[in-house]
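Asker:
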Amino acid sequence: MSQPLRLGIAGLGTVGAGVVKIIQQQATLLTMRTGREITISAISARTRKKDRGVDLSGYGWEDDPVALARRDDVDVYVELMGGSNGPAKASIQAALDAGKDVVTANKALLALHGQMLAEKAEAAGSVIRYEAAVAGGIPVIKALAEGLAGNKISRVMGVMNGTCNYILTRMEATGQGYNALFDEANKLGYLEADPNLDVGGIDAGHKLSLLSALAFGTQVDFDGVELEGIQRIALEDIRQAADMGYRIKLLGVAQMTDRGLEQRMSPCLVPANSPLGQLEGGTNMVVIEGDSVGQIVLRGAGAGEGPTASAVLGDICDIARGYRYPVFGQPATSLVAAQRAQSVLAAPYYIRLSLRDKPGALAKIASILGEAGVSIHRMRQYDHVNDIAPVLLVTHKTTRAELDVALTGIEKTDVVTEAPVALRIETV
Ligand code: HSE
Numbered sequence: 004m005s006q007p008l009r010l011g012i013a014g015l016g017t018v019g020a021g022v023v024k025i026i027q028q029q030a031t032l033l034t035m036r037t038g039r040e041i042t043i044s045a046i047s048a049r050t051r052k053k054d055r056g057v058d059l060s061g062y063g064w065e066d067d068p069v070a071l072a073r074r075d076d077v078d079v080y081v082e083l084m085g086g087s088n089g090p091a092k093a094s095i096q097a098a099l100d101a102g103k104d105v106v107t108a109n110k111a112l113l114a115l116h117g118q119m120l121a122e123k124a125e126a127a128g129s130v131i132r133y134e135a136a137v138a139g140g141i142p143v144i145k146a147l148a149e150g151l152a153g154n155k156i157s158r159v160m161g162v163m164n165g166t167c168n169y170i171l172t173r174m175e176a177t178g179q180g181y182n183a184l185f186d187e188a189n190k191l192g193y194l195e196a197d198p199n200l201d202v203g204g205i206d207a208g209h210k211l212s213l214l215s216a217l218a219f220g221t222q223v224d225f226d227g228v229e230l231e232g233i234q235r236i237a238l239e240d241i242r243q244a245a246d247m248g249y250r251i252k253l254l255g256v257a258q259m260t261d262r263g264l265e266q267r268m269s270p271c272l273v274p275a276n277s278p279l280g281q282l283e284g285g286t287n288m289v290v291i292e293g294d295s296v297g298q299i300v301l302r303g304a305g306a307g308e309g310p311t312a313s314a315v316l317g318d319i320c321d322i323a324r325g326y327r328y329p330v331f332g333q334p335a336t337s338l339v340a341a342q343r344a345q346s347v348l349a350a351p352y353y354i355r356l357s358l359r360d361k362p363g364a365l366a367k368i369a370s371i372l373g374e375a376g377v378s379i380h381r382m383r384q385y386d387h388v389n390d391i392a393p394v395l396l397v398t399h400k401t402t403r404a405e406l407d408v409a410l411t412g413i414e415k416t417d418v419v420t421e422a423p424v425a426l427r428i429e430t431v
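Take the sequence shown: its letter number 418 is residue 421 in the working numbering, and every next letter is one higher.
1) Return yes when at least one heavy atom of the ligand HSE lies under 6 Å from the C-beta of residue 276, else no.
2) Taking only three categories from DSSP, how would you classify residue 379?
3) From the DSSP secondary-structure annotation, give me the bridge partner or partners of residue 22.
4) Which term fits residue 32, buried or exposed, when burial requires 16 or more other beta carbons within 10 angstroms of its beta carbon?
5) Roughly how many whole angstroms lie between the Cα atoms of residue 200 and residue 364?
6) Do residue 275 and residue 215 count as a contact pair if the criterion is CB distance below 7 Å?
7) Please report the residue range of the beta strand (DSSP E) in which residue 263 lies.
8) Can residue 158 and residue 292 be called in contact, C-beta distance under 7 Å?
9) If you count every other CB in all the chains shown that lies within 10 Å of the CB of residue 434, and 16 or more means buried, which is it?
10) Hey, does residue 267 have any beta-carbon neighbour from chain D nearer than 7 Å?
11) I'd like the span of the alpha helix (DSSP H) that includes residue 177, first residue to last.
12) Taking 6 Å as the line, does the beta carbon of residue 305 fall inside it for any heavy atom of the ligand HSE?
13) Roughly how many whole angstroms lie between the Cα atoms of residue 337 and residue 128?
14) Taking a contact to mean a Cβ-Cβ separation below 7 Å, would you say residue 323 touches residue 41 in this structure?
15) Between residue 263 and residue 345, which are expected to be in contact by the criterion C-beta below 8 Å, what is the C-beta distance as a whole number of angstroms?
16) Using only the alpha-carbon positions, how far apart do residue 307 and residue 187 sit?
17) So the alpha helix (DSSP H) residue 287 belongs to, where does it begin and stop?
18) When you compare only the Cα positions, how much space is there between residue 255 and residue 209?
19) For residue 143, which three-state DSSP category applies?
20) For residue 301, which option in 279, 316 and 309 has the closest C-alpha, if you only look at C-alpha atoms?
21) Below 8 Å, can you find three or more Cβ-Cβ pairs linking the stretch 139 to 147 to the stretch 341 to 360?
22) Determine which residues share a DSSP beta bridge with residue 160 and list them.
23) If you measure between the beta carbons of residue 228 and residue 288, is that distance less than 7 Å?
24) Considering residue 300, what are the terminal residues of the beta strand (DSSP E) in which it resides?
25) Quick one: residues in its chain with C-beta nearer than 7 Å to the C-beta of residue 9, no 5 flanking neighbours on either side, listed in chain order?
26) Would you please state the rounded distance, in angstroms, between the beta carbons of residue 272 and residue 426? I believe it to be under 8 Å.
27) Measure the beta-carbon distance from residue 219 to residue 156 and round it to whole angstroms, keeping in mind my assumption that it falls under 8 Å.
28) Who are residue 9's beta bridge partners in DSSP?
29) Which class does residue 348 belong to by DSSP, given the choice of helix, strand or coil?
30) Would you say residue 192 touches the ligand HSE, meaning its beta carbon is less than 6 Å from a heavy atom?
31) So, helix, strand or coil for residue 104, using DSSP?
32) Inspect the beta-carbon positions of residue 3 and residue 377 and report whether they are closer than 7 Å.
33) By the DSSP assignment, the beta strand (DSSP E) with residue 202 in it spans what residues?
34) Span of the alpha helix (DSSP H) holding residue 181?
35) Confirm, please, whether the CB-CB distance from residue 340 to residue 234 is below 7 Å.
36) Could you tell me the alpha carbon to alpha carbon distance between residue 407 and residue 165, rounded to whole angstroms?
This is the structure:
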């Protein structure tokens, strides 16, 4: 049998402890599958004392993850600390400098520094694997880099933040507003330390930028992702969407168009009977469209100890088997800088307005939309409460530029009490 594959694991939170558990509990299975024993040489975490439900007594300890990454008895450095800079970045760089392979779940780090790290790894003959960084337990990186390698990918879409999907689907199920469900998600421990990473769409945007690089052979371009969070979604929007046969999802879409690469992460209306529309709770879904395969749908747990540790182990097993390929599926030096699409494809939009009860108020809105070239497809006005009425509109297909002109114009009038909410209706 080959030499054992020796790991150094940095970070013993939910995922790190989960990885240690699988390595301890499934040792025989892992050895049978990879032909090697998978061992842990040493670990590093904030504190050694905390009870994590796993026996750590047989492992070395390093306070400093950089020292762990450099240890001679570590073949693979497993970074599960998180953070886009600081110790995570420094230790991964140290591991690559020392000729180690790297496994990480760190989407933020790769979204911001993926190109640099991939070039560094490939120059050193090392690999960086990151299945756990995108959509938790769903093997979407493998799907794109391996199973679909023979396809020209046209579009990748996904609901990749379970917390947002939990909040949105619970709003619909319970009739409670955004703030109440945000608090509930917080109590359940679903929110990141900085909740804006979740509800602001940033975490899901990081993930989308990694999938784009793999799908389209472009350098990771997180700054090119148009980001919008779910904070302004009201119960009314969810109810109205349901009434029209749609559900609201924080949806990531990446597509290569003849105008360049379009990447957006925003709340959208999707048909309620589509796979994306039927997604409940904290589950993730990724939809990939390729020229030969057509459309495939991957669904599963996007977070949590077992699913995320499962993805980390998949990467470790590949390295143990000697299975290696470039970080983004083709050599990092061959990835081209993404040409950002200057405008997104035209689509119908849903608009919610809070309209004052004044003669001519609606006429003013209709005329601003008309002047901007936005045509109304459907419209509904509800009863006034305290002289304010919700008005809900669905437009015909319009460009975002035309819509933005109209929204700016509407916001400047004296007939609305707040900025309009506009959500794209996505064809999925
Ligand atoms: N906070 C993420 C989510 C999981 O809610 O899906 C980690 O990316």
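Quick reminder that beta carbons are idealized off the backbone N, C-alpha and C, glycines included.
Answerer: In brief:
1) no
2) strand
3) Answer is none; residue 22 lacks a bridge partner.
4) exposed
5) Note on geometry: alpha-carbon atoms of residue 200 and residue 364 lie some 38 Å from one another.
6) no
7) 263 to 274
8) yes
9) Since the first and last residues shown for the chain are 4 and 431, residue 434 lies out of range.
10) In the structure shown, chain D cannot be found, because there is only a single protein chain.
11) 165 to 177
12) Residue 305 has its CB nearer than 6 Å to a heavy atom of the ligand HSE.
13) C-alpha separation (whole angstroms): 16 Å.
14) yes
15) 7 Å
16) For residue 307 and residue 187, the distance between alpha carbons rounds to 17 Å.
17) No alpha helix (DSSP H) holds residue 287; the beta strand (DSSP E) holding it covers 286 to 293.
18) 10 Å
19) The three-state reading of DSSP puts residue 143 in helix, counting H, G and I together.
20) 279
21) no
22) Here residue 160 is bridged, per DSSP, to 256 and 290.
23) No. Outside cutoff.
24) For residue 300, the enclosing beta strand (DSSP E) starts and ends at 297 to 304.
25) Spatial neighbours of residue 9 in its own chain (CB-CB distance under 7 Å, excluding positions within 5 residues in sequence) are listed in chain order as 42, 44, 76, 77 and 78.
26) Yes, residue 272 and residue 426 are in contact; Cβ-Cβ is about 6 Å, under 8 Å.
27) 7 Å
28) 42
29) coil
30) no
31) Reduced to three states, the DSSP call for residue 104 is strand.
32) Because the chain here runs from 4 to 431, residue 3 falls outside it and cannot be looked at.
33) Where residue 202 is concerned, there is no enclosing beta strand (DSSP E), although the alpha helix (DSSP H) it sits in stretches over 199 to 202.
34) 181 to 190
35) no
36) 29 Å
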